[in-house]
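A quick write-up on the structure given underneath.
Numbering (this note's numbering), first residue to last: 10 to 95.
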């Protein structure tokens with residue numbers, strides 16, 4: 010069985026996955042129970058949440074603490090509220 014999903018290395022892999030009983034394709038399924046997700050506007054790319062577009066931000070226990078020996082990059086990907094910007 011092959012299921013669509015979404016994840017990234019900085020978040021322990023799987024953040025969303027389609028349910029086995031969902032036969033429709035073209036989406037990545039519901040979010041993991043241990044992840045909070047939100048979209049934020051990216052005006053310079055003309056992405057706005059009002060249009061269901063934006064940058065995905067993630068927060069939760071599966072999100073990494075930071076890049077090893079790279080505090081500058083760590084600071085760049087986290088906002089002041091602790092959201093990881095993808």
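Glycine included, every Cβ here is placed at the ideal spot set by N, Cα and C.
Sequence-distant residues of its chain with Cβ nearer than 6 Å to residue i (five each side left out)
{"i": "residue 73", "result": "19"}
{"i": "residue 15", "result": "24, 25 and 37"}
{"i": "residue 13", "result": "27 and 37"}
{"i": "residue 49", "result": "63, 64 and 66"}
Distance, residue j Cα to residue i Cα
{"i": "residue 80", "j": "residue 86", "result": "10 Å"}
{"i": "residue 10", "j": "residue 29", "result": "8 Å"}
{"i": "residue 70", "j": "residue 40", "result": "14 Å"}
Three-state secondary structure assigned by DSSP to residue i
{"i": "residue 54", "result": "helix"}
{"i": "residue 43", "result": "coil"}
{"i": "residue 82", "result": "helix"}
Same chain only: Cβ atoms within 7 Å of residue i, ignoring 5 sequence neighbours per side
{"i": "residue 51", "result": "63 and 64"}
Bridge partner(s) assigned by DSSP for residue i
{"i": "residue 94", "result": "66"}
{"i": "residue 17", "result": "22"}
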